[in-house]
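The next block holds one structure in the form of structure tokens; read it before the comments.
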Amino acid sequence: MVEHADIRVVHRGGSKINFRAPVISDDSRLLLCASGECVKVYSTSTEECVHHLRAHTDVVTGVVLRPSNHLQVYSCSMDGTIRLWDFTDAILIKTYVIGQPIYSIYASAQHNGMFHLVAVHLQQSTEQLVEARELSVVISHVSSNPAAIAFGRAGEYLASTKGLQLEVFFLKKQKSNRFSLKEENKKGRKNTFSCVTCHPTDDCIATGHEDGQIRLWRNFSHKKEYTYSTLHWHHTTVGSLCFTPEGTNLLSGGVESVLVQWRYNQDTQRDFLPRLGAAITHVTVSPDGTLFTTTHSDNSKSCYTLTAQALLICLYCSRESIETDLLIDPRSKALVMNGKPGHLQFYSLQRDKLMYNLDIVQQEYIYQSDLQQFEVVKAAFNSSGNWLATVEREQKDAELELNLKLWAFDDQTQSFVLNTTISAPHENRITALCFSPATDSQTTTVLVSSSKDGHFKAWQLTYLQYEGPCWSCDFVGAYHGLVPSCCCFSADGSLLAVSFQEVVTVWSSASWELLTTLSQPPGDIRDLCFGQLSCSKYLLGTSTSNLLLCWNLLTCSCKITAPLLMYTSLPTFAVIAASFSSLLSVFVFKPSEPRPIFSQKAVCSGKVMRAVFAPREEMLESCEESSQWLNRCQLYFLSQHMDLMTFTTKAEEDKLMDSSKQLVIDDTVAMTPFHLLLGKRRKEREDSARPYTAGLPMSLTHVSSPSQLLQTPAHVLPSTSYLCSMFVRSLLISVTDNRSVTQYSYSTNTHSSAFTGFILHGSTSVPK
Amino acid sequence: MGEFKVHRVRFFDYMPSAISKMAFNFLSERLAVARADGAVEIFKFTDNYFQEKVIPGRDGRAIEGMCWVGQRLFSAGLNGEITEYDLENLRPKYSMDAYGGPIWSISSNSQGTLLAVGCEDGTVKMFEVLEEKIQFQRNLDRQKGRIISLSWHPSGTKIAAGMMDMIRIFDAETGRATHRLLVDRGLGMSKGREVVVWSVIFLSDNTVVSGDSAGKVQMWDSITGTLRKTHLVTKWDVLALSVSQDESSLMAGTSEGTVVQMQFLQSSVEQQERQWVRTRTFKNHSHDVRALVHTDCAVVSGGMDTHLVVLPLLDQVEKSSKEAKLRKITFPHRSLVRCARKAGLLLFQFPDHLELWRLGESEGQGKHGDCLPVKRNPEKLLQLTRKGEDHICCSAVSPCGGWLVYATVSAVRLYRLQYDNNNVSISRVSKLPKELRTVHQLCFSSDSSRLFASSTHSSVVVVALSNPEVKHLHTLKCKSGSKQPLHLLVPSDDGKWLATANADCEIHVYNLHKMKLHCTVPVYSSCPTAIAIHPSTCNLISVHADQQMFEFSLQQKEYTEWSRRLHKEGLHSLWLDRDTPVTRVAFNPENPAHIILHDTFMFCIVDQSLPLPDAQTKFYNQMTLRSLPAAERMRHSHAFKICKYFQHLMTVELLEDHSLVVVERPLMDIMSKLPAPVRQKKFAT
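In order, the protein sequences belong to chains S and D. Numbering of the first sequence is given in the UniProt record's numbering, commencing with residue 1 and proceeding in unit increments. Numbering of the second sequence is given in the UniProt record's numbering, commencing with residue 1 and proceeding in unit increments.
Here it is in structure tokens:
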């Protein structure tokens, strides 16, 4: 198998930003959050991601402002390093190597020059403190959860909770007091600690508990005379606690998705900020107290001031599995998947930003554990993107409620409008949903749904006289009472393939008659897909016995069977099939060939959840054989940590690097989209103005292309003798480049014609 | 087949009365509890919270205020009278009208020289405490509206008075009102209603703490007359406040049944300034907490739900010690049920009447745990309503069932009962000897020919009962000169001995044939809660409030070998950890080695022939023993055979026909008879 050096897996966004609590800069303008292997810097006013601080090689586990310099930030990672950044300019200043996986980091403002660090190792379960790079264990047996440790008033003590024990360690006296709770109180409430925070000016520790109680501990400097009061509003685990900088208020959040503000020392007074969208995992307050940030379990983050709020969302991830699979909206080229409960999210791949959430269920979501509510389980777009079909399901014990909804795209509002709701379209779960591809505007669009009740149904768009278009059932098909698992239309829409366990049936979509059956036991068919363009005669499938199957529909014979350990679905686009094997390597096949055209091992750590081929907005001009499959589309896949990854070629990366440099923003100007646009233009103008004003030979050293030399006015050019040698040198380099390109292009021309639209790059500038 | 046939009696619908006020004497560590029916109970905290004395109530004596002055106990109530109690004779010593309408509160200064009472007519009246009485001194400035609560400044120069909508501060010397602190009314609906300052406390740093009907606990500066801090503690009323002696912790009892603690804490280690911070909330009551006492290591609370709850503050006591356990005292520490063992009758004593029941009969035999079919239902033979305003303090029925006697603080009434098939005829014995005047305990001899009544100075009056005439025979006097009342009076079955126990922890044994003192059992530090004389061996068994048990031989006048062994090896820790005292000792005539004991939550047969359990032995082993084969069983059994099947026991008695009578009063029945508590929003309802 071939490994390709110039194609590599890159991180394209997504990723959890709710993994650790975010940090707000001192002026409340920037928000830093750990996101996968990098730290993202957001602007709090525009919600734009300003910088990525990339250097760590493993998951970033903590971000903390440097107490002595509010423009610098420490980040720690599982790779065993701590890095110091200038976050306004995204510059890495220092790297400290600890050598052990670091789970969380805390800094204290009162210990000048010292660098307090609490590192927790799972094996030894010790906590370590770095002072001028010397480690000393402060508290052992601490929890790996960063919310379980907090610095107290003026850095005098550390509060650490684990299980049922609160330990307060006094740094000056170097002694600790331990307070234990009973496992359950009389009413059967669980007392386990869930989070801890300390009052900024008073000797008061607030702890959250699994039963929803908040305890305020006082007088803990005396071992016996400690006392605590209890606040109780949350009904399940308190997710996060935070004191405001003045200590006048205590903020708490939990599963209820309500931010509760408690008045310190006036326990009965509290304010609520309800309906925040999802369970709160972290609450933080900006150092000036004007901004609250809540991080939610669905990977969204909200900032609240007293009047306005902003919402930062990377990628909603509410559940462990994405039931709808990844889809591409053909119209906006957005990635579509489950979003908020009962919603579909449209996520822009180019900008790494959520576009909007489409409310499918249209029912208020109640945040309560083990309460079953409607969920979107299937979705499909037709090829032009003006119809969207969704299936929602509610499982109440034994009875199942299903709704099939069809949404039409409204050009005026630029969103989907509900057209038809079919309640109980099937008697059992719907296993697959697909639209027929519209080859021209005359043929009617057909939607096929297959269900566990043993039937597949074709739904057709009909035009009623007064009510406009609506959908109705056209055909109900079955095959020997077997359960259909997936269905697929051929590229021209004339054939429909439906798999019934281990049998694939092929139906004519015009007359709904069974044309042929294909079967390749053992193992049930899991996925089905027709080839496109030149490979449209092939039908691809995967089976539960880990085989990749390919049938030639003209001969009805099975062509390729490649034994693969596959566990993700088979995403297909064009003629290329990519598959993920258990060793986390990617193989890219062409249906006509048994040999993979591309393979890469160890694409990411952990499981690959879902993958999808997304078409490119503009075609890439690559000429290498191995990367040709990336020319027209990109393979996106979602890792376990909700990182959205993709494959890029080197050329593409270089282009990206250039564009990202333009995004470095002047610190004095407020970050607005207008600024981004205007600033970009201004910069371009500056760049173009430079050759005229400078007039120095230095500025021309990077004038490499002959065209640029020709366009420049003669009076600003240096002497011809100087230019001549440079011009010749530039030509020398391009010769070697172009030769390699032509060699590759020659070899690809002899290849199958499946790669259409291939452009020979640089052939115009080959010197005679 | 089971060992005993058990009469399980549940028709004694005893209802304890609500607790209205409490006062704690820090010197003698005794707690006085006033109940809604006017009864006053004295609990001795040093002796395992034993209910030492009970002063029966009286109709119309609703106690609203109570305070100790030295060892003297005063109470005042809505009848407008101040009463001092005679704690030696368990009766009010005198009552004195304050002439100010109903009295809402009474408070003494820390020197114990003056009593202040707050009256309905708005006056605070000062009484001077004299040697044997109190004397009116003067009125403070008269206010409009009633005086609900009073508190002296520890120096005795100022008095804070809680009223309607306000608090007044008086100068105790001049009698002038110096400040008028207006208390906010509640919000919303209760805006139009006057707020009642139920409780005030004057702290030594001149802070006045008030608890009011709007649910607030407020801290006021009495020098400037300004409000310092408000704690909204409940949606309902704050009824009681209590502060610890060092004034660092404050408790507030609310209508919701919660007790809220506030502590005077430094906000951080550096800062010296302290402030009151609300800390813990305890909920041990279902109804109003009307009375609160903050002792050094515990909080004692009582209220409408009739329980007296002693809640240890865990930061003040050792965690593993006995004091660390929460204690709920519901039932009196003495038996209210008398049993006529020969006739199979039960006498139930209520404050205002007596009930005489005949036990039912069953037929057939059954295995262990079976329910036998009832042949004849139990039957209420008699309900005897007391005469006069005073409540019944003691009663007795003779073993043959022919005599019935009860006593109030003012009179003793003796009745002759005659049974004629199903009819009962009752006739009062009109002429009683004049020695039967003040009586604390009554009992009959086993042959029903004598009546014993305890009288003043621990003396016992012996009365001979014969049909036409009742004659005073003798008065038995102890030689110790104790003035304390007797609370236990037990004759032996053979009629030779009479054992008595008094509040000074003395046990005297009299020889009834010679009518003189036989011996005095060595005084043990804890008060005896039950004593009995063994019918065959003539050993005296005494069980004390600290759960210790002694066996004293009357012939040898010394502790028996078994008793010595018991104390050498020590009782099992689980036995010592029980929190209700043993209230009755009985014997099994068929097996002289068996002693039957019971407290509220268990009854126990102590088998003197079996080895004593050591610390490692499984103490509650009856269930495991049952599963073992017979041979194994002997090896594992120990002297204490405990049955917890019956709960909330009022009495356990062995009848002549070898059947056991068990009188239960389930707590659920008591709770269901209480009025509805204040409505509270419960989560998820």
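Note that beta-carbon positions come from the ideal geometry of N, C-alpha and C, so glycine has one too. Quick caveat: nothing in here was measured; it's all calculated off a predicted structure.
Compare the C-beta of residue i with all C-beta atoms of chain D and state if any pair is closer than 9 Å.
i: S/Ser545; result: no
i: S/Gln124; result: Note that S/Gln124 has pLDDT 41, beneath the 50 cutoff, so the model's placement of it is unreliable and the number below is only indicative. Not one chain D Cβ lies under 9 Å of S/Gln124.
i: S/Asp211; result: no
i: S/Asp267; result: yes
i: S/Glu156; result: yes
i: S/Tyr228; result: yes
i: S/Arg153; result: yes
i: S/Glu131; result: With a pLDDT of only 44 at S/Glu131, under 50, the local geometry of the prediction cannot be trusted, and the value read off the model is given with reservation. So no, S/Glu131 is outside the interface.
i: S/Ala577; result: A caution first: S/Ala577 carries a pLDDT of 46, below 50, which makes its placement in the model unreliable, though a value can still be read off. With 9 Å as the cut-off, S/Ala577 does not count as an interface residue toward chain D.
i: S/Lys16; result: no
i: S/Asp329; result: no
If you compare alpha carbons, which of the options is closest to residue i?
i: D/Arg185; options: D/Gly215, D/Ile169 and D/Glu173; result: D/Gly215
i: D/Ala291; options: D/Arg146, D/Ala298 and D/Leu308; result: D/Leu308
i: S/Val503; options: S/Trp512, S/Ala478 and S/Gly493; result: S/Ala478
i: D/Glu273; options: D/Val293, D/Phe264 and D/Leu182; result: D/Phe264
i: S/Met619; options: S/Asn631, S/Phe613, S/Ala611 and S/Arg610; result: S/Asn631
i: D/Ser459; options: D/Ser335, D/Glu506 and D/Pro56; result: D/Glu506
i: residue 821 of chain S; options: S/Gly523, S/Pro67, S/Glu364 and S/Val283; result: There is simply no residue 821 of chain S to check, as chain S begins at 1 and stops at 768 in what is shown.
i: S/Pro469; options: S/Trp459, S/Asp643 and S/Phe647; result: S/Trp459
i: D/Leu150; options: D/Trp575, D/Gly402, D/Leu345 and D/Ala76; result: D/Ala76
i: D/Ala593; options: D/Glu551, D/Arg338 and D/Arg633; result: D/Glu551
Against chain C, does residue i count as a neighbour if the rule is that its beta carbon must be under 9 Å from one of theirs?
i: S/Asn249; result: Protein chains S and D are contained in the structure displayed, whereas chain C is not.
I think residue i touches residue j, with their Cβ atoms under 8 Å apart; what is that distance to the nearest whole Å?
i: S/Thr237; j: S/Gly254; result: 6 Å
i: D/Val662; j: D/Phe646; result: 5 Å
i: S/Val23; j: S/Val64; result: 6 Å
i: S/Leu230; j: D/Thr281; result: The amino acid occupying residue 230 of chain S in the given sequence is Thr; Leu does not appear at that position. Confirmed, Cβ separation roughly 6 Å.
i: D/Phe452; j: D/Pro535; result: Actually they do not touch by this definition, with Cβ atoms about 17 Å apart.
Are the Cβ atoms of residue i and residue j separated by less than 9 Å?
i: D/Lys483; j: D/His508; result: no
i: S/His343; j: S/Ile360; result: yes
i: D/Ala116; j: D/Leu87; result: no
i: D/Pro581; j: D/Ala530; result: yes
i: S/Leu326; j: S/Gly339; result: no
i: D/Ser107; j: D/Gln71; result: no
i: S/Asp267; j: D/Arg61; result: no
i: S/Ser485; j: S/Leu495; result: no
i: S/Ser144; j: S/Ser180; result: no
i: D/Pro433; j: D/Val490; result: no
i: D/Thr234; j: D/Thr258; result: yes
i: D/Ile426; j: D/Leu498; result: no
i: S/Phe530; j: S/Ala497; result: yes
Can you check whether the C-beta of residue i is within less than 9 Å of a C-beta belonging to chain S?
i: D/Phe12; result: no
i: D/Leu114; result: no
i: D/Val374; result: no
i: D/Leu265; result: yes
i: D/Thr279; result: yes
For the segment 170-178 of chain D against the segment 198-213 of chain D, are there 3 or more C-beta pairs whose distance is under 8 Å? Result no; under three Cβ-Cβ pairs closer than 8 Å.
Looking at C-beta atoms only, is the number of pairs between the segment 69-76 of chain S and the segment 87-96 of chain S that lie closer than 8 Å three or more? Output reads yes: the segment 87-96 of chain S touches the segment 69-76 of chain S.
Are the segment 360-371 of chain D and the segment 412-420 of chain D in contact at 8 Å, needing three or more beta carbon pairs? Short answer: they don't touch.
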